[in-house]
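Enquirer:
Protein chains: 2
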Amino acid sequence: MIRVAIVGTGNVGNHFAKAFSKTKDVRIVQVINSRIDSLEADQDLNIQKDGLLKRENPDLYILAVSDDAIALVSQKLKNTKSLVVHTSGSVAMKVLPKAVRRGVFYPLQTFSKKSEIDFAQIPICIEAERKEDLELLRDLAGQLSDEVHEVPSEKRAHLHLAAVFANNFTNHLYHVAGEICESQNLPFSLLEPLIQETAKKMTVLTSREAQTGPARRGDIATISKHLDLLTNKEHREIYSLLSQAIQKTYGEKL
Amino acid sequence: MIRVAIVGTGNVGNHFAKAFSKTKDVRIVQVINSRIDSLEADQDLNIQKDGLLKRENPDLYILAVSDDAIALVSQKLKNTKSLVVHTSGSVAMKVLPKAVRRGVFYPLQTFSKKSEIDFAQIPICIEAERKEDLELLRDLAGQLSDEVHEVPSEKRAHLHLAAVFANNFTNHLYHVAGEICESQNLPFSLLEPLIQETAKKMTVLTSREAQTGPARRGDIATISKHLDLLTNKEHREIYSLLSQAIQKTYGEKL
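Keeping their order, the protein sequence lines are chains A and B. Heads up: the first sequence is residues 1 to 254, going by my numbering. Heads up: the second sequence is residues 255 to 508, going by my numbering.
#1: Which residues in the same chain have their Cβ closer than 7 angstroms to the Cβ of Ile-28 of chain A, if we skip the five residues on either side of it in sequence?
#2: Where Gly-432 of chain B and Thr-452 of chain B are concerned, what is the direct C-alpha to C-alpha distance, given to the nearest angstrom?
#3: Relative to chain B, which residues along the stretch 227-238 of chain A have a C-beta separation below 9 angstroms, given in chain order?
#4: Hey, is His-340 of chain B's beta-carbon within less than 8 angstroms of any beta-carbon in chain A?
#5: Short check: CB of Ala-64 of chain A to CB of Gly-13 of chain A, under 8 angstroms?
#6: If you draw a straight line from the C-alpha of Lys-385 of chain B to the C-alpha of Glu-404 of chain B, how long is it?
#7: Could you work out which residues of chain B lie near His-158 of chain A, taking near to mean beta carbons separated by less than 8 angstroms?
#8: CB-CB under 7 angstroms to Ala-120 of chain A, same chain, minus the five flanking residues each way: which ones, in chain order?
#9: Let me check understanding here. Comparing Cα to Cα, which of A:Tyr-250, A:Val-95, A:Arg-217, A:Tyr-174 lies closest to Leu-72 of chain A?
#10: Going along chain B in order, which residues have a C-beta closer than 8 angstroms to the C-beta of Gln-247 of chain A?
#11: Is His-172 of chain A near Ala-499 of chain B, with beta carbons less than 8 angstroms apart?
#12: Taking a cut of 9 angstroms between CB atoms, which residues from the stretch 449-462 of chain B lie near chain A?
#13: Given a threshold of 16 other Cβ atoms within 10 Å of its Cβ, counted over all protein chains shown, does Gly-505 of chain B qualify as buried or as exposed?
#14: Within a Cβ cutoff of 6 angstroms, which residues of the same chain sit near Ser-153 of chain A, ignoring the five residues on either side of it in sequence?
#15: Once DSSP output is grouped into helix, strand and coil, what is the label at Val-354 of chain B?
#16: What does Glu-404 of chain B pair with, by DSSP beta-bridge criteria?
#17: State buried or exposed for Ala-416 of chain B, treating a residue as buried only when at least 16 other CB atoms are found within 10 Å of its CB.
#18: Quick check: the Cα distance between Ser-90 of chain A and Glu-127 of chain A, rounded to an integer number of angstroms?
#19: Are Met-456 of chain B and Tyr-174 of chain A touching if we call contact CB-CB under 8 angstroms?
#20: What does the Cβ neighbour count give for Val-430 of chain B, buried or exposed, with the cut at 16 atoms within 10 Å?
#21: Taking Cβ positions, are Leu-205 of chain A and Leu-413 of chain B nearer each other than 8 angstroms?
#22: Using three-state DSSP, classify Pro-193 of chain A as helix, strand or coil.
#23: Is there a Cβ from chain B that is less than 8 angstroms from the Cβ of Lys-225 of chain A?
#24: So, helix, strand or coil for Gly-51 of chain A, using DSSP?
#25: Which of the residues in the stretch 358-370 of chain B, read from start to end, lie with their CB under 7 angstroms from any CB of chain D?
#26: Name the residue from A:Ser-115, A:Ile-220, A:Val-164, A:Ala-221 whose alpha carbon lies nearest to the alpha carbon of His-15 of chain A.
#27: Closer than 9 angstroms by beta-carbon distance: list the chain B residues that pair up with Gln-287 of chain A, in chain order.
#28: If we define contact as Cβ-Cβ less than 8 angstroms, is Asn-422 of chain B a contact residue for chain A?
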C-alpha cells in the first residue's frame, strides 16, 4: 500500500485524488485544501492549521499546486521524511528543498473540470534523486497508467514546451476558427468532425503525411484569397506565419 | 435511385465512391479515371476516349478534382443535361460553366488514403442555383450524412478558411511539437493522448473554457524559459505570435 498526501485541490489534484481512489494499492491519507493551492507568494501560510505534517505520515506528498507556489509550499515540508514530488512540466526538480527526498510526477495531459480523464493511456513522467524513490514513483504511476517514463528535468522542460504547441496553441487555432465561423453565423459544431479527424490521424500518420491544404501544395491563389477574407489583423498574422512555415517545411517557394 | 458519375480518383473521389457504394439509393454509373484528376491546365484532354458523356447519363457529375482543374474539367461537360457539382471548399460555384445546371457538394473533412472515414457525422455543405437541384443534393447528401447544410459560396469560403486553421495549421503545430520531441530523443507518441484530449475537449467545452498554459495565465517566466529553449527561429516566431495572441484574447498584459 502506498500512502499518498495530495496538496492542492485544483484540477490536477482532483483528478489524481479520483484516480488514486479507484486503485487498490494506493491510499490517500490526506488532501490539503485549496487555500494552499491559491496561496500568494508572500502569504504567511499556517500549514499547521491545515494539518500538514500532523496526521498519518504519507509515503509521499504530491504537490498539485501552481508552478509559482511549488517552492514556497515545499519549503513548509522541508522537515518531512516522506518523498516530496511536484507535478509540473516546466519546473525543475531542484526547485524543491535540498533537504527533502525530492522528485517529479508529471502527467502529460490537460485537465479540465468538465472533461473525464482515463489515466490508463496518459504518459506519467517521473524523476527522483534516489533509486528507491524512483522505484516508489514507478510503482505509483504504474497503478494509474501503462505509460511510465523516466524523464529528467531538462528533457521534461522540452516535452512541456512541445505540449504547449500541441495543446495550448492548437486550442487557440480552434478559437480563431470559431471566431471565423461566428462572423458568418456558422455553428462551430460544423468543424468538430474535422478537429477530431485531424487529431485521430496522428495515431496512423505522421504530421508530414497528414499535411494538406493551400500552403502544403503551394497554392498561392487560395492563400491570397484567404488573406483577403481575414479582416482581423491577428488572424491574418497567424495565417501568414503558419502558411510560410508550412511552405518552408515542404519546400514550396513563396 | 440517384445515378452518380464521379470525376477524379484521388482521395476525395475514392472516399465518395466507397461511401456511395454502401448506400441503397445511390448508384455509381461511372468513375472517370485519374488522368483527368491529374491533368495540367494546358493539356488537351480527350474526354471522349475516357467515355465521359458516352455511357449511361448520370443525374449528376461530382467533380472530385483539384481546385485548379475544376474550371477546365467542367468545360468538357458544358453540353450535359445532368447537374454538375464540384467538391471544393474554396472555389465558388460560378467557376462552373454558366450553361450547365451547377452546384457544390462540399464535405467538410480531411481525407487521407490511410484513414477510414465515417461519413455519418461529416457536415456536407450543398449549394445549387435551382431549387430541384438543391433537393437532389439534399437527398444525395442525406444518404451519407445526418449533417446536411445549405451554404452559399461566400460563407463556404469562410468555412474553408476556418478549416485551414482547425486542420492544416493545427497539423503543423503537431509537426513542430514532433520536432521538439525528436530533438530530445523523446517519442512523439508521448503527445498523442494530449492531442486526442485537446480535440475531444471541443465537444464539451468552448475553446475559451479549454484554454490553459503559460500564455493564458500570463506566466511570463515560463514563456521566457520556453523562448530560451527554442533554438529553431521559425518555432520561436510561432511561439511568440501565438502566445501574444492568447494573451491578447484573455486580457493578460505582455
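The beta-carbon is built from N, C-alpha and C at its ideal position, and this holds for glycine as well.
Expert: Straight from the coordinates:
#1: So the qualifying residues of the chain are Val-4, Ile-6, Ala-17, Phe-20, Ser-21.
#2: 16 angstroms
#3: Leu-229, Leu-230, Glu-234, His-235, Glu-237, Ile-238
#4: When Cβ-Cβ separations below 8 angstroms define contact, His-340 of chain B makes no contact with chain A.
#5: Contact annotation: Ala-64 of chain A and Gly-13 of chain A have beta-carbon atoms nearer than 8 angstroms.
#6: 12 angstroms
#7: Ile-434, Cys-435, Ser-437, Gln-438, Leu-440, Leu-483
#8: Ser-145, Asp-146
#9: A:Val-95
#10: Those do not exist, as Gln-247 of chain A stays about 10 angstroms from chain B at its closest Cβ, beyond 8 angstroms.
#11: The beta carbons of His-172 of chain A and Ala-499 of chain B sit closer together than 8 angstroms.
#12: Under the 9 angstroms Cβ criterion, the stretch 449-462 of chain B contributes Ile-449, Gln-450, Glu-451, Thr-452, Ala-453, Lys-454, Lys-455, Met-456, Thr-457, Val-458, Leu-459, Thr-460, Ser-461, Arg-462.
#13: exposed
#14: The residues are Ala-92, Met-93.
#15: In the structure shown, Val-354 of chain B sits in coil (DSSP, three-state: anything other than H, G, I, E or B).
#16: B:Ile-380
#17: buried
#18: About 13 angstroms.
#19: yes
#20: buried
#21: no
#22: helix
#23: yes
#24: The predicted model places Gly-51 of chain A with a pLDDT of 46, which falls under 50 and marks its position as unreliable; any figure quoted below should be read in that light. Gly-51 of chain A falls in the coil class under three-state DSSP.
#25: Of the protein chains in this structure, namely A and B, none is chain D.
#26: A:Ser-115
#27: What is shown of chain A runs 1 to 254, which leaves residue 287 of chain A out entirely.
#28: yes
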